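Chains as they are written, first to last, in this note's numbering: chain A, 230 to 500; chain B, -19 to 504; chain C, -14 to 721. Here's the structure, in structure tokens; my notes come after.
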């Protein structure tokens, strides 16, 4: 508690550096192979708690792959081999004792394409709590309301909770997916290009939501949209060809990049 | 331990269901193959000395626990089923023996198995050979030589009585019908000449039969002297004295007989050649009919008809027809082809034979038309899929060069769709080869007097009834008076049918796999 | 400018193109139309079943006929008719409305015919006004001369004989018995004389007749007004002026005849005016003075036989004056003194046809082929109709409802299409067949659905894709196995085996499941090193031995259970405990065999649907911390449920129409019994067995077509539903 209080007194930069020094996720020497093809090369990166970290880079640079490593979604793909270590709050997530479902509960994810289940809005939110064993209706009602409020969707849908989620607009669907992820109370929220399929207004709403959410959650976002990364994130990691080129405070990365490649990408010389 | 999740056991259970299904398939195929393939292997003939003094000679065919109601604690006893043959002497081919009743079992090297034209197998001991009532020889080599001679003579008799006399009979029948219409001396003379030829052939037959005076004298339990004319013997051997090589030869010989010979003893012995012939001919005729019809219909649906709700509905209906029970097609065939089509043909062309129907009854033509209709949806659907897979750009390319629609279809679309048509056709053939129910009411018979395609004008007899492997299985397995004796034969027939159907299917699957690869690689 | 050669070339190309367009369109359209016409061709064969019968009036014969007509009848091709009048039998030619010369008339010394009893085959017994009795016959013969058929009829009177105490005869009844004939005459208002004439042929070919005579007093109210002899001379039915009927049993020749208590035929007591028996001599038809008509049967109930009413028919105007039974089926015709003629059918209780002769009728008869009617009037007219009544026994109710057949104690669903005698009445209830079809389908699906769906779920969600590519063709091969092979294996190999190991089979699903669970448990106890060598989805190879072991174990347990708990014999135990009989070829065998045929169909379609669930939905569920099983059951399965429904529908369609398996693996007995240990007869197998024997256009033929139409309808509905749902699903997947 005291640390947090004192943080406010510090200069912005210092506070952020400090946050980086006490990360929630530590990735060290992570390499990932799809069969013979190496997709991640020796990535070492820390992700600070309750901040937004953006992964940027050209298509195929491995930023989504890296993101999916954090909740082990890559396990679903065949012939994937991983070396190195990822620790969340100091625990190695590849520990054989680690229950992968438990991990995914702690590390929520929002996908590029909104993927509501073909069920009602209520059931979509309640899905997570239900599979984790919550059966009590009142508790579920409470979770649904809380999650929808957190996803800034409550006022829009509170009267039609039992309608199909597929009837919502694209932006609403995506916020529903965020709400659904929040319903299981994760610590970290992974967002894989969450706005790429949305119009600017819907995008703006989600961005507002993210700024709100970072008060309580650690957010990692993969984005193609440079402005979005610059606007939203506190930290930015630039990746290229499976390698982490540069990571740091967003402001610094965008204004005074250390690497030539980063500058080239940010200024739009390739990408 | 964290990795134990309740869902895991369900995953395994569902996997168990799949494993069960696969085990059933392989189990069934293995069952058929083991039962069918072992049938021709010469088994040892054993002699059982029973406690009551009786002696039984034969092959062991089965062993089972004796059902004992209300005696659950008695030690389990078994009984064995012996094929002892000699149906003419004992009335039945098979006998059950309690194992406790058997004193001892030996395998006499001189035990003789004779396969006969009638009455099934004979199991016994060779005594001597008589020719014209005189004992000539006990020399086994000589007996074998005489058997070869007898087989040759019977073959000759068969040729004369079936082919030569048959031809004369047909010519006479034709003359008789002509005479009915108009009396003429010329025809009369022809008729008389034929009659003379007929007498001549009869004389030939008599002289051939006269040469068959060899009689095999053998003994069986309770019957010291059984006389078997050598002409009635198909083959004979001492299985207990056979070397492995001889057994292999015997096996090959039997196998050849099975696929090439005609059935004997109400289909329970001999071969299934007419059934193979009938099946193949049926499937070929069906393919000839179904291919053009299916391709035309698919071309119409996909290339020529205006796409809209009606065509979509038609497409659903065609898909549905693939699921209509085959017996319904058979019923349709009976009403439409046989009674309507066949009846009309009979009225128009064969009115002199009425009321005996020619085409107005089940026959090869109607059966193959029915099957063609039955498999039409398969071909249409496959062809349509193939047409849909050809990218529109291919057609556009040809049209852009100034080709007409017909030329595009003929030179570009059709060649591209050929493999798909082939896949559909092969699937259709597999289905046709295995289908029995509609055939039962449209023209298949248990025993056809003549092949539907032979050397007699007009060569292909579309009106004839025919035999079929699938129906053969049903008939011999279920309608035969001697099911025990017929069963191994049915298993063997089943192998044959399975082999045909599975070969068709595997071909279709592999063509389709290659097609998919081709399309997916060109369009990526 | 194109040269003429080029022009003609182009013209040819265009012509070819147009030709091809025409040919493909026309023939394609025709082909599709003709396969869709299947429905109509089959329906066209069924339609005549439901058509009402028709009758066409033919010219009335009058000029040669004396009045009044007491009885009438017709020759086989309805060229000749006869009438029985006061002076005896006379023959009439329809073509020119003249009487044929019939040889010398009998001299009955001025006596006239006052009563006639008419039997089958144009045999009569005439009662004369002076009390004498004359048996007579009319016989028809035909010869061909110059390609023309010339029909001739002869009447033969036997010698008249007189009975003591009989002075005049107003009513007479007779019937042939196995050894001669039986004649009954009332000798008073409540007394009957029964004459049993036994004929024996001597060695020389002469016929010697012996006559046994019995007098019976009948205990009824009123006077005897009608008589009928039935059951081939074993009983006499008496009808009275008070509306009662009573049965007199003659079965025991030596004892005095026993009479049953009289029964009021109708609630209002009007006189019984006509009695008759239908073909087969079992069903009694009763007609009253007020035009009511009913059929009755002698049924053994509670140990005693009594007359039981089966059907009340539509009443007629006037009083029923004559009843004639059809010589072909259980139909009959009743005539009234108001001139109405009603054609009815005994088994169904239906009145098929009503005609009027516009004058009172006293006699009626069917033509021998059942294709004509002739009715005689007191005024000396013979009214004639041609009758077209090919399927009188068919109604919706007789096809699908319970029908009270002759000789049955209660209405029942019966399919029995052929019998030993000409008098046999075919029974065409499709209900037991539909029941059989649905029963077989039910057990097949009971077996197939769990295996196919679980298997599909496993293959689509948990199995390694490489392995799946290997498994799917195997399942396709399973679908290609000819059903005749499955039926053969089921009937010849499986049925006896299952009969031997019934308890084991009943245990098997549970034992195999338990063994698999045990295997899972053991697997999770196994060292991690060993486990990590098997990839996810490779469980299948471990499972096969587990399943085999489970099968073996249940065999052992089954044997132990049978000898230990069921006193060694399952069948006896089943019969003793549940009263269930056991057929070797039973529904369980069919369930297995047909299930085997259905599994690959359901598997393939369900697997396609499950595998088609968009992967991002699965990813969504997994990212929320759902286990793979939770994902499969809570997200994938509900999403693909329409596809699974359509898979089951298609499987249903296949099982409904399957023919060879049910033909070979069941006993084909058309019974209605839901027990899994009994067989059944399915619509499809019934068609396959009976169609080759059914004469074209006959009732059986058409009923079999109706069975085919039912099958077609069932599968078409199931398939269309499945197809529609599948299209719907495809659209849904595109949205997701």
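Backbone N, C-alpha and C define an ideal beta-carbon position, used for all residues, glycine too. If you're wondering where the values come from, they're calculated on a predicted model, not measured in any experiment.
Let me confirm a value: residue i is counted as buried when at least 16 other C-beta atoms fall within 10 Å, else exposed. Which label applies?
i	result
residue 350 of chain B	buried
residue 498 of chain B	exposed
residue 155 of chain C	exposed
residue 202 of chain C	exposed
residue 364 of chain B	buried
residue 422 of chain C	buried
residue 443 of chain A	buried
residue 194 of chain B	buried
residue 482 of chain C	exposed
residue 228 of chain B	exposed
residue 280 of chain A	buried
residue 43 of chain B	exposed
residue 40 of chain C	buried
residue 33 of chain B	exposed
residue 316 of chain B	buried
When DSSP labels each residue in this structure, what does residue i get in the three-state scheme?
i	result
residue 376 of chain C	coil
residue 371 of chain C	strand
residue 251 of chain C	coil
residue 551 of chain A	Within the shown structure, residues of chain A are numbered from 230 to 500, placing residue 551 of chain A beyond reach of any answer.
residue 21 of chain B	coil
residue 117 of chain B	strand
residue 337 of chain C	strand
residue 7 of chain B	helix
residue 177 of chain C	strand
residue 496 of chain A	coil
residue 238 of chain A	Its pLDDT being 46, under 50, residue 238 of chain A is placed unreliably in this model, and the value from its coordinates should be taken loosely. In the structure shown, residue 238 of chain A sits in a helix (DSSP, three-state: H, G or I).
List the DSSP bridge partners of residue i.
i	result
residue 83 of chain C	C:78
residue 269 of chain C	C:262 and C:281
Would you check if there are 3 or more beta carbon pairs closer than 8 Å linking the stretch 670 to 680 of chain C to the stretch 454 to 465 of chain C? no
Flag this pair as touching only if the stretch 566 to 582 of chain C and the stretch 421 to 435 of chain C have three or more C-beta atom pairs under 8 Å; answer yes or no. yes
Taking only runs that begin and end inside the stretch 300 to 328 of chain A, name each unbroken alpha helix (DSSP H) of 4 or more residues, in chain order. none
Every unbroken alpha helix (DSSP H) within the stretch 19 to 60 of chain C, with a cutoff of 4 residues, ordered by chain: 23 to 31
Inter-stretch contact (C-beta, 8 Å, three-pair minimum) for the stretch 436 to 455 of chain B and the stretch 476 to 494 of chain B: yes
Counting only runs of 3+ residues fully inside the stretch 340 to 426 of chain B, write out the beta strand (DSSP E) ranges in chain order. None, since the stretch 340 to 426 of chain B contains no complete beta strand (DSSP E) of that length.
Taking one C-beta from the stretch -3 to 5 of chain B and one from the stretch 531 to 543 of chain C each time, how about it: are there three or more such pairs within less than 8 Å? yes
Does the stretch 421 to 434 of chain A touch the stretch 253 to 267 of chain A, meaning 3 or more C-beta pairs lie closer than 8 Å? Between the stretch 253 to 267 of chain A and the stretch 421 to 434 of chain A, the count of Cβ pairs shorter than 8 Å is below three; the stretches do not touch.
Could you tell me whether the stretch 463 to 472 of chain A touches the stretch 269 to 286 of chain A, using the rule of 3 or more Cβ pairs below 8 Å? yes
Check whether the stretch -8 to 9 of chain C and the stretch 295 to 312 of chain B touch, using three or more Cβ-Cβ pairs below 8 Å as the test. no
Are the stretch 91 to 101 of chain B and the stretch 216 to 233 of chain B in contact at 8 Å, needing three or more beta carbon pairs? yes
Would the stretch 26 to 42 of chain C count as touching the stretch 374 to 392 of chain C if we require 3 or more Cβ pairs under 8 Å? Segments in contact, yes.
For the pair the stretch 67 to 80 of chain C and the stretch 143 to 158 of chain C, tell me if three or more CB-CB distances fall below 8 Å. no
At 3 residues or longer, what runs of the beta strand (DSSP E) sit wholly inside the stretch 273 to 326 of chain B? none
Does the contact criterion of 3 or more C-beta pairs under 8 Å hold for the stretch 473 to 483 of chain A versus the stretch 454 to 465 of chain A? yes
Three or more beta-carbon pairs under 8 Å between the stretch 258 to 276 of chain B and the stretch 394 to 412 of chain B, yes or no? yes
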